[in-house]
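Residue numbers (the numbering used here), protein chains in the order written: chain A, 36 to 346; chain B, 151 to 444; chain C, 211 to 451.
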Amino acid sequence: MKDRRLPGYLLVFVAMLLVPAVVHDTFLLRVFTEAVMWIGLAVTFDVLAGYTGYLNFGHSAFFGIGAYTTAILMVRAGWPFAPAAALGGAAAGLGALIAGFPTLRLRGAYFAIATWALARAIQQGVLMMGITGGPDGMRLPALLSPGFFYYVMLGVVGVTFFAYWFLLERAPFGLKLKAIREDEQGAKALGLNPTRLKIQAFVLSAVPTGIIGGVFAYWVTFIDPASTLGDLVSDQALVMVVFGGMGTLVGPVIGAVLIFAFKTVFWAYLSDYEVLYLIILGGVIAASVVFLPDGVLGVLPQRRKGVKDHG
Amino acid sequence: MELLPQALVDGIMLGAIYIIIAIAFSLVYGVMHIIDFAVGEWIMLGAFGGFYLYQWTRIEPILLLPSVFVVFAAIGYLFQPLIHRVLSGRRGNPLLMGLVFTFGLSLMFRGLAQTFFGFYSLSIPSRFSNGSFFFQNGGLSVTISSVRLTGLVYALAITGILHYLLKHTDFGLGVRALAQNREAAGLMGVNNKRTSAYVYAIYVGISAMTGVLLGMILSLSAKMGPDYTTFAFFVVVLAGMGYLAGVPAAAFLLGIIQSFFLIYLDPGYTLLAVFAILYTILLVSPRGLFGKGV
Amino acid sequence: MAEPILEVDNLTKSFGGLTAVNEVSFQVRPREIVGLIGPNGAGKTTLFNVVSGYYAPSRGRVLFHGKDISGKTPYALAGRGIGRTFQVVKPFPGLSVLENVIIASFLRHPKKARAEEHAWKVLEFTGLADRAHQSAASLTLAGRKRLEIGKALALEPTFLLLDEVVAGLNPTEVDHTIDLILKLRDQGITILIVEHIMRVIMRISDRLVVLNFGQKIAEGTPAEVAKDPGVVEAYLGGEKG
């Protein structure tokens, strides 16, 4: 099953590499950087949500763990950026391992609420701890180079995307995850160990998210529990994935770009109506479930052979 | 240690209310196979309903409970077909889609509540709010506030009514049949859609009433929903999913744990501590306290 | 002759107060087709669930190739060569027929290319090759039952548990499936089959084991069992023939 879309993906990636050469406005470049970040967050969310069928409502916890680990290492221990961010990813992965063991034994829907509750608990915990600066957050050393951050973010997200492409679309792993999603009990009879696969998917989803969090921390220079551990990260990732098309690598990308574009426009003109954004997000999620069961991707004309992917 | 009995008593009072939330929540899961992420929001909306109803009529809130139930049950009844549509979609994994859908609903409700009701914490006054009973035995003393006592009475009453409904009426029989085996129940004449609609209506009504009580005992705010969703979930998982008989013990345990942490620990850590306990219990006994969960 | 492939030894399975399988013992010898019959609720599917690892026995043991497999996970047992179908078929609805079988093929063929090759062979053997790219959800019942068997086959089992694989099929489809099962036995697979349609099970089974209310009430060749008074009485409650 050769994937004819790979050259297309590579092309898009190369095009994105050229963005800083074309875009000189620093504000615009930051918008692009954030868009890339959201693509990463949506895709990592989809590994567990779309492929495995488990909604991790606590996705923001991985992002926050990565951000705070990086910040703490750089500020309190003087580490350079790259290893700090890498360890941020490792910490998130470790968190997934620890949190995964008891929670992945729960059925899918209960797992969702369990992770959601855990994320809230972690947010509360971080608010209380001294080392994290509590509610005042942490300030990282400043590096004013939008180009640098764009490339780092693009690099992380790009590597993640192509690694996922290999693991989920090319290698057996992706199909095995889908088997779990479709029928976990039935999958067992075919020799699949659901708990092990789920934990692997969980960690696979967590590590890049943690690294992205680390990059985010260094990039925006200031983090606090509200911005990195709040619901908004998970909620938006969820919308992007559900709206874009779950269980496909491209769906979340499309969803991320569209929702992010909407969000940017919204905040530009309607930032007084913060609460309205929440309502709209909720509405889009609910409406997508009812009217767009396969997301936006499901509505696009099928350019691939056969109808094999969606029932 | 003098605070121990007080913590216990407070915990039991709180636990009683959690029982109701958890039972209603479990019932909906058992019958409709949906995990309603918006349970906390129904509670919140009920609380505001009671608040404004009180403002408007100045009738003792406890007496308003039945009307709150009726109004919200009607709302729930109207809502149910939408949920049914989500669950019978052709897309695989309806349980997951139901969860996503109700999650979206909860965001909308919370946003709408913040828009219309503002961000402040309110409370519903009641003529029971200031009274309390004081017990003393030797060195131990316990104060039971009247309003919490009413909460306990309410919890007992609702439990009793639900028990009667489920065990001694045809409707209840249909509900239990549906929960056990949907196909077989349908073949025997149980109307799935209608029974589900009634169950969902009852669930919303009960959640709303509980919200009013919580507004009287504690407080209400547009943001209170997630906390109660969390606790509903904790109780249900601790009890063992699908194992209704385990709910009372789990609810009391949770109420007591929460009570303890509120008294002895920084309130900010409560959620984390409760979660740590839940986590440990799940590690040891993934099917709930009694090992009877699914 | 050779030692039995499967031995169910005094197996009991209870759920709370309900005993679904009560001290059942029997053996299945290599290359036999043994039919497991009994009225509804007799405990047949529960027995299957224990043998395939979905339940652990309350008492007693299950031996496979002489080794105790009681309580092992279904995926471990798949690795040891036990395949099964489910009474209520479990396709992966959102995936194609081919993908369904590829997933099953991963057990013995970890690399995707090999697995796909193997899957195609299985599809051709079960007559599903023409529908390979259709979604599993779009198959007819007959197709889904065949897919169910195909997936179990892809595991390259030495022992197959077939649970009502012809229920709901029309006579032509039934005959087709019977041929398939006999072909499997010719290839060296031992089969334990549950079925309600009498003419099917009488025809293909070498031996029968009869359960009623969780207990074994008869065992023997189809001819012997048909004459057993206990069996006749158990079925007088009205079973379709």
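Note that the Cβ used here is the ideal one computed from N, Cα and C, for glycine as well.
For E217/C and F381/B, the rounded distance between their alpha carbons:
Translated into the one-based positions of the second sequence, residue 381/B becomes position 231. Translated into the one-based positions of the third sequence, residue 217/C becomes position 7. Whole-angstrom Cα-Cα distance: 48 Å.
Run through DSSP, which three-state label would G396/B get?
The residue you call residue 396/B lines up with position 246 of the second sequence. G396/B falls in the helix class under three-state DSSP.
Could you give the uninterrupted runs of the alpha helix (DSSP H) lying entirely in the segment 245-280 of chain C, keeping only those of 4 residues or more?
254-261
Across which residues does DSSP place Q425/C in a beta bridge pair?
For the purposes of this step, residue 425/C is identified with residue 215 of the third sequence, where counting begins at 1. Q425/C is bridged to N422/C.
With a CB to CB cut of under 7 Å and the five nearest residues on each side skipped, what residues in its chain are close to N259/C?
The count along the third sequence starts at 1 and reaches residue 259/C at position 49. Counting only Cβ-Cβ distances below 7 Å, and skipping sequence neighbours, we find Y265.
Checking contacts by CB at 9 Å: is G180/B closer than that to chain A?
Taking the second sequence and counting its residues from 1, one reaches residue 180/B at position 30. Not one chain A Cβ lies under 9 Å of G180/B.
Report yes or no: do three or more beta-carbon pairs, one from the segment 197-205 of chain A and one from the segment 125-141 of chain A, lie closer than 8 Å?
no
Alpha-carbon spacing of V268/A relative to P267/C, whole angstroms
On the first sequence, position 233 is the one that residue 268/A refers to. On the third sequence, position 57 is the one that residue 267/C refers to. Rounded to whole angstroms, V268/A to P267/C spans 46 Å at the Cα level.
In chain C, which residues lie less than 7 Å from L210/A when you measure between Cβ atoms?
Start at 1 with the first residue of the first sequence, and residue 210/A comes out as number 175. What L210/A touches in chain C: E309, I312, I313.
What does L227/A reach in chain C if we use C-beta pairs closer than 7 Å?
Sequence index remark: in the first sequence, residue 227/A carries index 192 (1-based). Simply Y285.
Any chance you could list the alpha helix (DSSP H) runs of at least 4 consecutive residues sitting entirely within the segment 367-429 of chain B, in chain order?
375-389, 397-414
Which class does D219/C belong to by DSSP, given the choice of helix, strand or coil?
In the third sequence, counting from the first residue as 1, residue 219/C sits at position 9. It is a strand residue.
Closer than 9 Å at the beta carbon, the chain A residues around K254/C:
Taking the third sequence and counting its residues from 1, the one referred to as residue 254/C is at position 44. Those within 9 Å of K254/C in chain A number zero; the least Cβ separation is about 17 Å.
Residues of chain C with CB closer than 9 Å to the CB of K213/A, please, in chain order.
Here residue 213/A refers to the residue found at position 178 when the first sequence is read from its first residue. Near K213/A (Cβ distances below 9 Å), the residues of chain C are F302, G304, L305, E309, I313.
Counting contacts by CB-CB distance shorter than 9 Å, is I74/A in contact with chain B?
Counted from its first residue, the first sequence places residue 74/A at position 39. No, I74/A lies away from the interface with chain B (no Cβ there is under 9 Å from its Cβ).
List the residues that DSSP assigns as beta-bridge partners of N287/B.
Translated into positions along the second sequence, residue 287/B becomes position 137. According to DSSP, N287/B bridges with L290/B.
Measure from the C-beta of R111/A to each C-beta in chain B and report whether the shortest distance is under 9 Å.
Working through the first sequence from its first residue, we reach residue 111/A at position 76. By this cut-off, R111/A is not an interface position.
Residue-level contact to chain A via CB, D416/B, 9 Å cutoff
One-based indexing of the second sequence puts residue 416/B at position 266. Yes, D416/B lies at the interface with chain A (some Cβ there is under 9 Å from its Cβ).
Validate contact between the segment 259-268 of chain A and the segment 317-330 of chain A using beta carbons, cut 8 Å, 3 pairs:
no
Is it buried or exposed, H94/A, if we count other Cβ atoms within 10 angstroms and call 16 or more buried?
Reading the first sequence from its first residue, position 59 is the one you call residue 94/A. The residue in question, H94/A, is buried, as its Cβ has 16 or more Cβ neighbours within 10 Å.
Between L363/B, Y168/B, S217/B, A223/B, which lies nearest to S273/B when the distance is taken from Cα to Cα?
Start at 1 with the first residue of the second sequence, and residue 273/B comes out as number 123. Considering only alpha carbons, the answer is L363/B.
What does a CB cutoff of less than 7 Å around R298/B pick up in its chain, not counting 5 residues either side in sequence?
Against the second sequence, residue 298/B aligns to sequence position 148. Excluding residues within five positions, the ones whose Cβ falls inside 7 Å are M163, I367.
Touch test, the segment 338-357 of chain B against the segment 317-328 of chain B, Cβ-Cβ under 8 Å, three pairs minimum:
yes
Of all Cβ atoms in chain C, is any one closer than 9 Å to the Cβ of R216/A?
Start at 1 with the first residue of the first sequence, and residue 216/A comes out as number 181. Yes, its Cβ sits closer than 9 Å to a Cβ of chain C.
Beta carbon proximity, P376/B to chain A, threshold 9 Å:
Residue mapping note: residue 376/B aligns to position 226 of the second sequence, counting from 1. With 9 Å as the cut-off, P376/B counts as an interface residue toward chain A.
Are there 16 or more other CB atoms within 10 angstroms of the CB of P118/A, so buried, or fewer, so exposed?
Walking along the first sequence from the start, residue 118/A turns up at place 83. Under this definition P118/A is an exposed residue.
How about T105/A: is its C-beta nearer than 9 Å to some C-beta of chain B?
For this step, residue 105/A is matched to residue 70 along the first sequence. Not one chain B Cβ lies under 9 Å of T105/A.
Just checking: is the beta-carbon of S95/A within a distance shorter than 9 Å of some beta-carbon in chain B?
Taking the first sequence and counting its residues from 1, one reaches residue 95/A at position 60. It does not; no Cβ of chain B falls within 9 Å.
Which first and last residues belong to the alpha helix (DSSP H) in which Q235/A is found?
For the purposes of this step, residue 235/A is taken as the residue at position 200 of the first sequence. Its alpha helix (DSSP H) spans residues 229-255.
Taking only beta-carbon atoms, is M366/B less than 9 Å away from chain A?
Walking along the second sequence from the start, residue 366/B turns up at place 216. Answer no: the Cβ-Cβ gap between M366/B and chain A never drops below 9 Å.
Neighbour-count burial assignment, F266/B, 16 or more Cβ in a 10 Å radius:
As a position in the second sequence, residue 266/B is number 116, starting the count at 1. So F266/B ends up on the exposed side.
Would S280/C pass as an interface residue toward chain A - the criterion being a Cβ-Cβ separation below 9 Å?
Here residue 280/C corresponds to residue number 70 of the third sequence, with the count starting at 1. No, S280/C does not count as interfacial toward chain A.
Leaving out the 5 sequence neighbours to the left and right, which residues in its chain are closer than 8 Å to V220/B when beta-carbon positions are compared?
Here residue 220/B corresponds to residue number 70 of the second sequence, with the count starting at 1. If we look at V220/B and ignore the five residues flanking it on each side, its Cβ neighbours are G355.
Where G304/C and L370/B are concerned, what is the direct C-alpha to C-alpha distance, given to the nearest angstrom?
By 1-based counting over the third sequence, the position of residue 304/C is 94. By 1-based counting over the second sequence, the position of residue 370/B is 220. One C-alpha to the other measures close to 43 Å.
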